[in-house]
Amino acid sequence: MAGCLSLTLLMGVVMFSVVGLEVSGNSEGDALSALRRSLSDPDKVLQSWDPNLVNPCTWFHITCNQDNRVTRLDLGNSNLSGHLVPELGKLEHLQYLELYKNNIQGTIPVELGNLKSLISLDLYDNNISGVVPPSLGKLKSLVFLRLNDNQLTGPIPRELSGISSLKVVDVSKNNLCGTIPTSGPFEHIPLSNLFAALSYGVASMAMVFINKAVLMQYAYSMTLLTFQQGVTTLLIHCGRVMGYTKAKGINFATAKKLILVSLFYNANVAFALASLKGVNIPMYIAIKRLTPLAVLVAGFFSGKGRPSTQVTLSVILTAAGVVVAALGDFSFDLVGYSMALTSVFFQTMYLVLVEKSGAEDGLSSIEIMFYNSFLSLPFLLFLIIVTGEFPNSLTVLFAKSTLSFSVIVILSLVMGIVLNYTMFLCTIVNSALTTTIVGVLKGVGSTTLGFFMLGGVEVHALNVTGLAINTAGGVWYSYAKYQQKKNKPPKLISDVESHGR
-11 MAGCLSLTLL MGVVMFSVVG LEVSGNSEGD ALSALRRSLS DPDKVLQSWD
39 PNLVNPCTWF HITCNQDNRV TRLDLGNSNL SGHLVPELGK LEHLQYLELY
89 KNNIQGTIPV ELGNLKSLIS LDLYDNNISG VVPPSLGKLK SLVFLRLNDN
139 QLTGPIPREL SGISSLKVVD VSKNNLCGTI PTSGPFEHIP LSNLFAALSY
189 GVASMAMVFI NKAVLMQYAY SMTLLTFQQG VTTLLIHCGR VMGYTKAKGI
239 NFATAKKLIL VSLFYNANVA FALASLKGVN IPMYIAIKRL TPLAVLVAGF
289 FSGKGRPSTQ VTLSVILTAA GVVVAALGDF SFDLVGYSMA LTSVFFQTMY
339 LVLVEKSGAE DGLSSIEIMF YNSFLSLPFL LFLIIVTGEF PNSLTVLFAK
389 STLSFSVIVI LSLVMGIVLN YTMFLCTIVN SALTTTIVGV LKGVGSTTLG
439 FFMLGGVEVH ALNVTGLAIN TAGGVWYSYA KYQQKKNKPP KLISDVESHG
489 R
C-alpha cells in the first residue's frame, strides 16, 4: 500500500513538473498567438504560426537564442493591420521588435515597458495613436526607438531621458506637443527641426561648390567619386561596428536586388560630377531641375496617373527656363551640357526603378546609402581603369602636393561624411514643410552664389531671365508637391521622389 502511494505521489510530481515546464515554455507562444489573433494578415506571412506547437522558434519571422527564447520579431513591411496586444510584454528576452511600415492602429501597450532586454523598437510608418507610454523609460537596454510617421499625441515622456544606451530617437511626423527633453540621450539631439534641415541644406550646397573647386584643378571626376564612396562605406561600416547605427551588414539577396539600382544611382552622380568640369553652377542646378519633368514623362509612358495641373505647369516652366538660360550662356559647353542631361536621365531611371521594383523597401536611409556606396566600388574601380584614369589619376593627385589643393581634396572627403550625417539627421527630425523650404532655399542660394564664385557666370539678360524662370518653376513645383502630399492620406510607402533630393 505504501509502495502504491509512493508511486502515485511520484507520478504526480512528474506530471506536475511536465505541466509546469510546458506552461513556462509555451508562454511566449501564447503571447505571439495573441498578437496573431489581433492582426489581419492578407498576405499570410503568419501562416506558420501554429498555436499547437509549444516552441515558437520554428515559426517564420521569429528568431530565438540557444535557450529557445524569442529574441527577434521581424514583421516590418508585411501588410499587416490590427492592433498591438499587452501580451507582448511577456517576451522578456526579446531584443528586436520590428513592426514598421504596416497599418497597425490602436495604442502602444504600456506592457512593452517590461521588455528589459529590448534593443530596438521600430513601430514607424503605421497609424498608431495615443501617447508614448512613460513605461518605455524602463527599457534600459534600448538603443533605437523609432515611432515616427504615426498619429501619436501628447508629450515625449521625460522617463526616456533616463535611458543612457539610447542612441537614435525618431518621433517625427506625429502630433506630439510639449517640450523636448534636454538631458541624457537627448542632450546632443538638435532641438530645432529647422536647424537640422538647414544643416543638411548648407552641407549639400557646399558640396556642389567644393566638388567644382576640386574639378577645376583635378579633372579625374570618377576617381574623386570612388574616393568619396569609399569613405562613405568605411564611415557607415565603422558606425555599425561601434553601435552608432543600426545598419545591418551586407546581405547577398538584398545586394542582388540593389545592384542595378546602385549602378543607376552612381551613374547619375558620376555624370553630374563630370558635367561640373564644363558647366557653371547656376546652369548645372537649372539642368538638374529637369529631373521631375523626366520622371513625369517616364510615368506617362509607363501608364502612371496624370499629374496635377500645378505640377505639370511648374515643370514646363522649369524646362522653359533652362532653354532661355542656355541661349544666353556664353560659356556654353556641349560636352558639359550632355553630361548634365545624361545625369538627369540616370537619376530618372533610378527613381523609376526604385518605385517599380520596391528594391529599397524595408531598408533605412543609412542602409540604402551603405549598399549604394559599397556596390558602386567594383563598378567605379573598373571604370577608372578602363577609361585610363588609373593610374594617372593617382600620379596627378600625388604630384599636386600644394597645400591649397590638399586642403580642398580633404575637405571634399570630409564634406562627404558631413553630408551623409546631416542627411540622416534631417531624415529623422524634419517635417515635409521644412524639407520643402530648405530645398527651395538651397537651390536659390546655390544659383545666386554661382554667379560670382568659381569662375562665375557672364551676366546676360537671357541668361539671368532664364535662370529666374527656372528657379520660379522649382519653387512652384516644390509648393505643388507639398500641397499634394499634405492633401493625401498617409501612405505606407514613402514618395520615391524623396530619394532624388
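Take the sequence shown: its position 98, counted from the start at 1, is 86 in the working numbering, and no numbers get skipped.
Quick reminder that beta carbons are idealized off the backbone N, C-alpha and C, glycines included.
Practice item. Give me the Cα-Cα distance between residue 465 and residue 48, rounded to the nearest whole angstrom. Key: Here the question's residue 465 lines up with position 477 in the sequence shown. Here the question's residue 48 lines up with position 60 in the sequence shown. In this structure, the alpha-carbon of residue 465 lies about 44 Å from that of residue 48.
Point to revise | Cβ-Cβ distance between residue 335 and residue 393 below 9 Å | key: Residue 335 sits at position 347 when you count from the first residue of the sequence shown. Residue 393 sits at position 405 when you count from the first residue of the sequence shown. Residue 335 is not a Cβ neighbour of residue 393, given a cutoff of 9 Å.
Check your understanding: So, helix, strand or coil for residue 484, using DSSP?
Key -> Numbered from its first residue, the sequence shown carries residue 484 at position 496. With a pLDDT of only 30 at residue 484, under 50, the local geometry of the prediction cannot be trusted, and no value is derived from it.
Check your understanding: Using a Cβ-Cβ cut-off of 6 Å (strictly less than) and excluding sequence neighbours within five positions of residue 73, which residues of its own chain qualify?
Key -> As a first step, residue 73 is located in the sequence shown; it is residue number 85 there, counting from the start. Its chain contains 22, 23 and 26 as the residues whose beta carbon lies nearer than 6 Å to that of residue 73, once the 5 sequence neighbours on both sides are disregarded; these appear in chain order.
Review point. Does the beta carbon of residue 16 sit closer than 9 Å to a beta carbon anywhere in chain B?
Key: The structure shown contains no chain B, having only a single protein chain.
Review point. Where does residue 69 sit, in a helix, a strand or coil, going by DSSP?
Key: Looking up residue 69 in the sequence shown gives position 81. Note: residue 69 maps to strand in three-state DSSP.
Check your understanding: CB residue 66 to CB residue 83, shorter than 9 Å?
Key -> As a first step, residue 66 must be located in the sequence shown, where it is residue number 78. As a first step, residue 83 must be located in the sequence shown, where it is residue number 95. Result no, Cβ atoms of residue 66 and residue 83 do not sit closer than 9 Å.
**Study point:** residue 406 and residue 191 closer than 9 Å at C-beta
**Key:** For the purposes of this step, residue 406 is taken as the residue at position 418 of the sequence shown. For the purposes of this step, residue 191 is taken as the residue at position 203 of the sequence shown. With respect to residue 191, residue 406 sits close: the two C-beta atoms are nearer than 9 Å.
Point to revise | Limits of the unbroken alpha helix (DSSP H) element including residue 226 | key: In the sequence shown, residue 226 corresponds to position 238, counting from 1. Here the alpha helix (DSSP H) through residue 226 covers 209 to 229.
**Study point:** Beta-carbon spacing of residue 102, residue 68 below 9 Å
**Key:** For the purposes of this step, residue 102 is taken as residue 114 along the sequence shown, with counting starting at 1. For the purposes of this step, residue 68 is taken as residue 80 along the sequence shown, with counting starting at 1. Against a cut-off of 9 Å, the Cβ pair of residue 68 and residue 102 comes out as no contact.
Practice item. Quick one: measure Cβ to Cβ for residue 305 and residue 201, integer angstroms, because I've assumed they're closer than 8 Å. Key: Locating residue 305 in the sequence shown gives position 317, where the first residue counts as 1. Locating residue 201 in the sequence shown gives position 213, where the first residue counts as 1. Contact doesn't hold; Cβ gap of about 31 Å is too wide.
Exercise for review: Quick one: grab the DSSP three-state call for residue 118.
Suggested key: On the sequence shown, residue 118 is found 130 positions in, with the first residue counted as 1. DSSP places residue 118 within a strand segment (E or B) once states are collapsed to three.
Check your understanding: What residues in its chain sit with their C-beta under 8 Å from that of residue 130, if we drop five residues either side in the sequence?
Key -> Along the sequence shown, one-based indexing puts residue 130 at 142. If we look at residue 130 and ignore the five residues flanking it on each side, its Cβ neighbours are 106, 107, 108, 109, 124, 151, 153 and 154.
**Study point:** Rounded separation between residue 139 and residue 245 - CA only
**Key:** Here residue 139 is taken as the residue at index 151 of the sequence shown, counted from 1. Here residue 245 is taken as the residue at index 257 of the sequence shown, counted from 1. If I take the Cα positions, the gap works out to 32 Å.
Point to revise | Which residues DSSP lists as bridging residue 60, in chain order | key: Counting from 1 along the sequence shown, the entry for residue 60 is found at position 72. As DSSP reads the structure, residue 60 sits in a beta bridge with 51 and 84.
Review point. Does the distance from the CB of residue 380 to the CB of residue 317 come in under 9 Å?
Key: By 1-based counting over the sequence shown, the position of residue 380 is 392. By 1-based counting over the sequence shown, the position of residue 317 is 329. Cβ distance not < 9 Å, so residue 380 and residue 317 don't count as in contact.
Review point. Do you know how far the Cα of residue 145 is from the Cα of residue 324?
Key: As a working mapping, residue 324 is identified with position 336 in the sequence shown. As a working mapping, residue 145 is identified with position 157 in the sequence shown. Between the alpha carbons of residue 324 and residue 145 lies a distance of about 53 Å.
Review point. In the structure shown, what three-state DSSP assignment does residue 196 receive?
Key: Counted from its first residue, the sequence shown places residue 196 at position 208. Residue 196: helix per DSSP, three-state reduction.
Review point. Run through DSSP, which three-state label would residue 35 get?
Key: Your numbering for residue 35 matches position 47 in the sequence shown. Looking at residue 35 - three-state DSSP - the assignment turns out to be coil, as it is neither helix nor strand.
Exercise for review: Could you give the DSSP three-state label for residue 573: helix, strand or coil?
Suggested key: Shown here, the chain extends from -11 to 489; a query on residue 573 therefore has no answer.
Point to revise | Outcome for residue 149 when other beta-carbon atoms lying within 10 angstroms are tallied against a minimum of 16 | key: Counted from its first residue, the sequence shown places residue 149 at position 161. When all chains shown are included, residue 149 counts as buried.
Check your understanding: Does DSSP put residue 375 in a helix, a strand or coil?
Key -> Against the sequence shown, residue 375 aligns to sequence position 387. Of the three classes helix, strand and coil, the one that applies to residue 375 here is coil, per DSSP.
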